[in-house]
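Only one structure is covered here, and it is reproduced in the block below.
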Ligand SMILES: Cc1ncc(COP(=O)(O)O)c(C=O)c1O
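In the numbering used here, the protein residues as written are 2 to 477.
Structure, rendered in structure tokens:
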């Protein structure tokens with residue numbers, strides 16, 4: 002019999018509990034590569050849970066690369082899934098996790114109007130018209146009336162404890178991020194979090210390992226202190242960790258492991274382990290930017306890298322994609338060794354993020370509105386994504402290949418024999434549509450010239466139909 006302790010009193014879904022416990026046993030070597038696991042049916046009987054629970058937990062383990070299924074034979078632990086525990090003790094190891102228990106398709110045969118109402122496939126913009134205004138207004142009213150006077154004064158740089166407490170529970174529940182509220186620093190979006198980390202860890206001449214391609218902004222933030230970017234090429238599974246340079250002494254490795262930006266891959270467990278082993282060997286931090294992974298359309302969101310080595314991984318999250326970029330709220334989950342220095346830098350940057358907004362957000366999460374909103378938006382984005390994929394295939398057929406569409410608010414369209422030069426992009430714009438070449442985000446140029454990023458979260462199905470129609474006309 003295969004036994005896993007299940008605690009039904011916890012605020013953590015059973016699927017997550019089963020998944021986490023099997024994952025931990027694989028990572029620590031209790032379950033070794035090649036070892037057979039019970040069938041989902043047997044496990045459900047052993048644990049007195051429904052078969053759905055074990056099926057979904059296995060699906061997730063499979064999606065993250067921990068297990069593999071051999072047809073007609075069973076489920077086995079995959080190779081390369083063992084991660085040694087580092088000897089260094091967590092100084093927040095006393096972290097008490099109990100404490101954290103808590104469409105009308107448009108007629109296509111019409112004349113296009115050149116240059117009017119451009120359809121913008123910008124990436125990373127959520128559906129702004131669906132911001133939960135009423136709920137937010139209700140909570141804002143309540144906070145304004147009931148919050149203590151101190152909220153309207155200067156507050157501490159790390160942010161309101163109310164928000165940090167609910168956020169630590171939310172992160173454990175949804176992202177497998179283990180953190181004490183004291184490890185959280187509330188920032189003005191992920192952008193400020195990245196800036197603080199660059200200020201803290203980089204100086205002139207320092208090297209930083211970074212995915213290539215990655216956003217222009219991130220390249221600018223990390224090179225601003227005079228540091229040197231060491232690009233590691235990305236494929237459909239994220240950073241190619243076999244190419245990590247052994248002869249370097251980087252200050253940190255920057256990754257978007259849940260949903261690589263812009264190519265969209267999700268780093269498999271074997272690469273995650275390689276990355277952590279590399280960071281341990283060269284003794285550097287890993288900076289994990291988890292900007293939009295809640296919107297995963299195949300399976301549950303992939304677990305964080307932070308959960309594998311909380312003292313080595315600096316985790317960055319944001320409410321820009323799941324709620325609103327205008328809110329400007331993000332956060333850092335910090336290893337204990339750099340909490341104090343980061344607080345000082347935040348204080349110097351802007352004292353603290355708006356306390357009122359933090360309190361409203363704390364209520365929004367605590368009362369379950371955030372998870373409801375994410376679930377609702379995920380359904381909408383799933384439909385928009387499907388519509389975009391259908392339009393691309395039906396208009397361009399085998400001239401287009403779609404990549405990186407399993408998560409987030411954008412996908413990559415790769416075209417046969419089309420290179421998105423500045424001249425072609427100007428022509429596309431004249432047809433009233435804006436698309437974004439992957440090459441805009443590359444460090445080593447020339448590898449992705451036939452690829453464009455198409456953001457769809459903020460576009461209706463009608464706009465998507467019209468946008469792809471215009472793109473086709475421009476490319477003819
Ligand atoms: C990969 C990545 N990280 C971070 C950010 C910044 O997000 P924020 O609005 O929280 O500053 C973005 C914005 O699109 C992004 O694409």
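The beta carbon of each residue, even a glycine, is placed where N, CA and C say it ideally should be.
Ligand 1 has a heavy atom closer than 7 Å to the beta-carbon of residue 125. Setting aside the 5 residues that flank it on each side, residue 242 is surrounded in the same chain by 272, 275 and 276, each with a C-beta closer than 6 Å to its C-beta; the list follows chain order.
Excluding the 5 residues flanking it on each side, residue 353 has same chain C-beta neighbours closer than 6 Å at 156 and 158, in chain order. Proximity to ligand 1 was defined by a C-beta distance below 6 Å to any of its heavy atoms, and the residues meeting it, in sequence along the chain, are 125, 190, 191, 192, 216, 257, 262, 290, 292, 319, 321, 326 and 331. Selection 18, 60, 17 and 68 evaluated against residue 35 yields 68 as nearest (Cα-Cα). Residue 243 is not bridged by DSSP to any residue. Beta-bridge annotation (DSSP): residue 456 is paired with 411. For residue 30, the closest alpha carbon among the candidates 78, 341, 285 and 71 is that of 78. Taking a contact as a CB-CB distance under 8 Å, the pair residue 175 and residue 326 does not count as one, their CB atoms being some 20 Å apart. Beyond the five residues adjoining it in sequence on each side, residue 226 comes within less than 8 Å, by CB distance, of 199, 200, 203, 204, 205 and 207 in the same chain, given in chain order. Judged by pairs of C-beta atoms under 8 Å, the segment 440-455 touches the segment 210-223, as three or more such pairs exist. The criterion of a C-beta distance shorter than 8 Å is not satisfied by residue 410 and residue 331. By the neighbour-count criterion, in which a residue is buried when 16 or more other Cβ atoms sit within 10 angstroms of its Cβ, residue 146 is exposed.
According to the DSSP secondary-structure assignment, residue 186 is paired through a beta bridge with 333. With fewer than three CB-CB distances shorter than 8 Å, the segment 340-350 does not count as touching the segment 420-437. Its chain contains 279 as the residues whose beta carbon lies nearer than 6 Å to that of residue 245, once the 5 sequence neighbours on both sides are disregarded; these appear in chain order. Sorting 230, 366, 389 and 17 by C-alpha distance to the C-alpha of residue 177 places 17 at the top. In terms of Cβ geometry, residue 28 and residue 82 form a close pair [threshold 8 Å]. If the five residues before and after residue 364 are omitted, its C-beta is found closer than 6 Å to the C-beta atoms of 140, all from its own chain and listed in chain order. By the criterion of at least three beta-carbon pairs nearer than 8 Å, the segment 257-271 is in contact with the segment 228-243. Between residue 317 and residue 333, the C-beta spacing is below 8 Å.
Around the Cβ of residue 4, a 10 Å sphere holds fewer than 16 other Cβ atoms; the residue is exposed.
Only residues of its own chain outside the window of five on either side were considered, and among them 75 and 77 have a CB closer than 6 Å to the CB of residue 37, listed in chain order. Around the beta carbon of residue 42, fewer than 16 other beta carbons sit within 10 angstroms, so the residue counts as exposed. DSSP places residue 27 within a helical segment (H, G or I) once states are collapsed to three. The three-state reading of DSSP puts residue 285 in coil, since its state is none of H, G, I, E or B. Comparing alpha carbon positions, the residue from 443, 417, 413 and 444 closest to residue 436 is 413. Looking at the DSSP output, residue 75 bridges to 71. Out of 419, 21, 287 and 421, the CA that lies nearest to the CA of residue 250 is found in 287.
In this structure, the alpha-carbon of residue 472 lies about 23 Å from that of residue 443. DSSP lists 408 as the beta-bridge partner residues of residue 297. Every unbroken stretch of the alpha helix (DSSP H) spanning 4 or more residues and falling wholly within the segment 189-276 is given here in chain order: 190-202 and 217-224.
In the structure shown, residue 178 adopts coil according to DSSP, grouped into three states. Taking a contact as a CB-CB distance under 8 Å, the pair residue 164 and residue 362 counts as one, their CB atoms being some 6 Å apart.
When rounded, the separation of the alpha-carbon atoms in residue 222 and residue 194 is 11 Å.
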